[in-house]
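See below for the structure under consideration.
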Amino acid sequence: MSFIILMMLAITLVSSGVYFIMQDLVYFIEWEVLSLNSSSIVMTFLFDWMSLMFMGFVLFIASLVIYYSEDYMSGDININRFIILVLMFVLSMMFLIISPNLISILLGWDGLGLVSYLLVIYYQNVKSYNAGMLTALSNRIGDVALLLAIAWMLNFGSWNYIYYLECSRDSTEMVVIGGLVMLAAMTKSAQIPFSSWLPAAMAAPTPVSALVHSSTLVTAGVYLLIRFNVLLADQWLGSCLLFFGGLTMFMAGAGANFEFDLKKIIALSTLSQLGLMMSILAMGFPKLAFFHLLTHALFKALLFMCAGAIIHNMKDSQDIRFMGGLVNQMPLTAACLNLSNLALCGMPFLAGFYSKDLILEVVCLSYVNMFSFVLYFFSTGLTVCYSLRLVYYSMSGDFNVGALHPLGDEGWLMLRGMLTLSLMAVLGGSVLSWVLFPTPSMICLPFSMKTLALSVSLIGGWLGYELAKFSLGYNLQTLRMHLMTSFLGSMWFLPFLSTYGVSNYPLQLGKYAFKTFDQGWSEYCGAQGLYKTFTSWGSMSQGWQNNDLKTYLISFMFWVIILFVLIIF
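Residue numbers for the sequence shown follow the numbering used here, beginning at 157 and rising by one.
Set out below in structure tokens:
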């Protein structure tokens, strides 16, 4: 029932978004909740083409995820709780999308944080609890930044930021608010140095990953910055976001090439695409970032659904080294997986091609420095590299553990959801490009620059094949370069720095201080030392009191002897 309602709402909202684009409409609704003397509490909603289209896509993917979950989670006794949590997740995202007010944005923002924690710890084991705590604490940094932005906006007298973006864009106060909002968005979208929680959140059920990593939690930060994009024109803020976005894109792409966990590879590819969106946003192209956000939502949800079907078939094994020959065992699932992988790589005329190719051409045309330019294209090559590596490991060769897991395509409930998204991954990019860019922009580049993206993709594909091809020489080479491969493969040690770096080293320092001071010199010279001194004095005086007659006689005899000696001599 929830699937049908969400799907109908999604179709209505996307149609309304297209109508709003054609008519150039914006609805700004203010609902006065309470008016008392001169104080009023007002709830505001912003309905424009961007919010309607994004809400439509969120509801569309959520409806397919719920439909998919009816089969995927059929053996789970808590499936009703799971569906309710997913619906709460979508509701929190709705609040965030339609709010032009920082207070109501915080309501959706914290709702996303709370429900994401509940979903990550859904399986209730130690790994899930650790991942949930890391996710929650990383996102609390962004929540604090948003609270500080709300406090700072008291300088303006209202939290409706949309009033002040244009008229006060160059003021110091708005630059501070832009910096705080950028920090909040970087934590929610897992940019460096807050990236470690994103792969850890893979402890959640796979349908949740399909929703979280395509159109809800991680894209909330990108969407918030799209709304605040006017402030990124500030040179300092834009440069910082471009730098961190480019580094995140490169770090995630390099890490995915050394990862063997299927869900973590897809999570790192999400992180790479988020870095792409953030950096193109920093260059001043919010519409392009939004376009890529929508196309990415389609093929990434499909990629996670295919991964879920494979993991379900392999009895919860996620290691791609155990896979192989899946194209013979699960032909429809393999076709959907390859389709989504090709869309991720930017295969011509699939969904990812229209946004990624346009972004790369705009980068070539922009006044961007050489470092960012090389980082962009190198990261694009890495995307193709890990995608081809994943396909090579999972699709080619023979199935490695066929005796243990007899495979076959999943039930039609899961397949229908995947095939619907496959259709959108093929057609979505072209339809969205026609709707969002009715008048194509002129991009004039030399032939070498035009073919640069294709050349980089081909080189990346060849490198992915070489990385995936098992050979003894390659393994020996990786052992020789162990430090570099472990550095690249562990997200530049960010998970260790975020967990052990934040908690372990201060705890070790506290332990050393406790042993040295509390159990050492301060204890000896402080409370314990005073206790021992007073105890010895007390025992001495007690001894005098108990032996007062003996002491008197001895002292009398002592004084008599002294007097006798003095008299004689």
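Cβ atoms here follow ideal geometry from the backbone N, Cα and C, with glycine treated the same way.
Along the chain, where does the alpha helix (DSSP H) containing residue i start, and where does it finish?
i, result
"Trp-392", "391 to 412"
"Tyr-510", "507 to 521"
"Trp-187", "Per DSSP, Trp-187 belongs to no alpha helix (DSSP H); it is in the beta strand (DSSP E), 183 to 192."
"Glu-622", "608 to 624"
"Asn-236", "235 to 254"
"Cys-462", "442 to 469"
"Lys-671", "Premise fails: Lys-671 is in no alpha helix (DSSP H) and is neither H nor E."
"Asp-180", "First-last for Asp-180: undefined, no H or E at that position."
"Cys-541", "526 to 551"
"Cys-501", "487 to 501"
"Glu-329", "328 to 344"
"His-638", "638 to 645"
"Leu-563", "Note, Leu-563: premise wrong, no alpha helix (DSSP H); not H, not E."
Give me the Cα-Cα distance between residue i and residue j, rounded to the nearest whole angstrom.
i, j, result
"Leu-192", "Met-209", "36 Å"
"Gly-617", "Phe-216", "32 Å"
"Val-337", "Glu-622", "42 Å"
"Thr-707", "Trp-715", "12 Å"
"Phe-643", "Gly-480", "27 Å"
"Ser-425", "Phe-670", "44 Å"
"Leu-132", "Val-221", "As displayed, the chain neither begins before 157 nor continues past 725, which places residue 132 out of reach and without an answer."
"Ser-692", "Gln-675", "21 Å"
"Gly-409", "Ala-423", "10 Å"
"Phe-203", "Ser-552", "48 Å"
"Tyr-320", "Asn-295", "27 Å"
"Gln-684", "Ser-659", "31 Å"
"Ile-541", "Leu-601", "The amino acid occupying residue 541 in the given sequence is Cys; Ile does not appear at that position. C-alpha separation (whole angstroms): 26 Å."
"Leu-393", "Met-470", "46 Å"
"Asp-266", "His-369", "17 Å"
"Gly-231", "His-468", "11 Å"
"Ser-711", "Thr-689", "26 Å"
"Met-713", "Ile-723", "15 Å"
"Leu-241", "Met-637", "45 Å"
"Leu-165", "Gly-264", "19 Å"
"Ile-253", "Gly-335", "20 Å"
"Ser-171", "Gln-664", "58 Å"
Taking its Cβ as the centre, do 16 or more other Cβ atoms sit within 10 Å of residue i, making it buried, or is it exposed?
i, result
"Tyr-661", "exposed"
"Val-721", "exposed"
"Ile-421", "buried"
"Trp-187", "exposed"
"Ala-307", "exposed"
"Glu-415", "buried"
"His-452", "buried"
"Met-439", "buried"
"Pro-442", "buried"
"Leu-592", "buried"
"Asn-316", "buried"
"Gln-391", "exposed"
"Gln-429", "buried"
"Val-364", "buried"
"Ser-613", "buried"
Do the CB positions of residue i and residue j come within less than 8 Å of each other?
i, j, result
"Phe-527", "Ser-496", "no"
"Leu-275", "Ala-356", "no"
"Gly-564", "Gln-474", "no"
"Ala-366", "Ala-465", "no"
"Gly-411", "Gly-585", "no"
"Tyr-224", "Met-461", "yes"
"Gln-244", "Val-282", "Before going further, note that residue 244 is Met rather than Gln in the sequence given. No, these two residues do not count as a Cβ contact at 8 Å."
"Thr-539", "Leu-500", "yes"
"Met-407", "Trp-590", "no"
"Ser-371", "Val-582", "no"
"Leu-427", "Leu-354", "yes"
"Val-174", "Ala-218", "no"
"Phe-529", "Val-519", "yes"
"Pro-256", "Ile-318", "yes"
"Ile-476", "Tyr-549", "yes"
"Ala-305", "Ile-333", "yes"
"Leu-610", "Phe-533", "no"
"Asp-227", "Gly-567", "yes"
Is residue i close to chain D, meaning its C-beta is less than 8 Å from at least one C-beta of that chain?
i, result
"Val-378", "Absent from the structure: chain D. Only one protein chain is present."
The region 340 to 359 touching the region 375 to 382, judged by at least three CB pairs closer than 8 Å
These segments touch.
Three or more beta-carbon pairs under 8 Å between the region 198 to 213 and the region 232 to 240, yes or no?
no
State whether the region 425 to 436 contacts the region 390 to 402, with contact taken as three or more CB pairs (one from each stretch) at a distance under 8 Å.
yes
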